[in-house]
Amino acid sequence: MIDRAAGVLASEVDGTAVLVDPAGRAVIELNAVGSLVWGSIDGTRDLDGLVDVVAAAVSTPVAREQIAADVRTFLAALDEHGLLAAG
Numbered sequence: 276m277i278d279r280a281a282g283v284l285a286s287e288v289d290g291t292a293v294l295v296d297p298a299g300r301a302v303i304e305l306n307a308v309g310s311l312v313w314g315s316i317d318g319t320r321d322l323d324g325l326v327d328v329v330a331a332a333v334s335t336p337v338a339r340e341q342i343a344a345d346v347r348t349f350l351a352a353l354d355e356h357g358l359l360a361a362g
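Heads up, the numbering used here is the position in the sequence shown plus 275, with the first residue counted as 1.
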């Protein structure tokens, strides 16, 4: 299961999330899809669960494999900034 790191500061305005890493060194502004994924990271979903959330939200047909690749890349970026819990 994928979960957020403790101490991440998050704020959402008009569907756009802004995150600050626990160390306070990085500020990351997310687009609408990134905000959707971030909001869905709650420790109960794995990669497939997050892909399901995105697939249900997109209005144009996108291959599930492409969504999975994009979510994987996004999660790697979050992890690189220390925004995901270890494990």
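C-beta atoms are modelled at their ideal positions from N, C-alpha and C, and glycine is treated no differently.
Assumed close pair VAL406, LEU311 - CB separation to whole angstroms, cut-off 8 Å: The chain is shown from 276 up to 362; residue 406 falls before or after that span and cannot be answered.
Reduced DSSP category for ALA292 - H, G, I as helix; E, B as strand; rest coil: strand
9 Å Cβ cutoff met for ASP323 and ALA301: No, Cβ-Cβ distance for ASP323 and ALA301 is not below 9 Å.
Distance between ALA331 and ALA298 (C-alpha atoms, nearest Å): 34 Å
Cβ distance (whole Å) where GLY318 is taken to contact ASP278 below 8 Å: 4 Å
Through-space distance from GLY290 to ILE303, alpha-carbon basis: 14 Å
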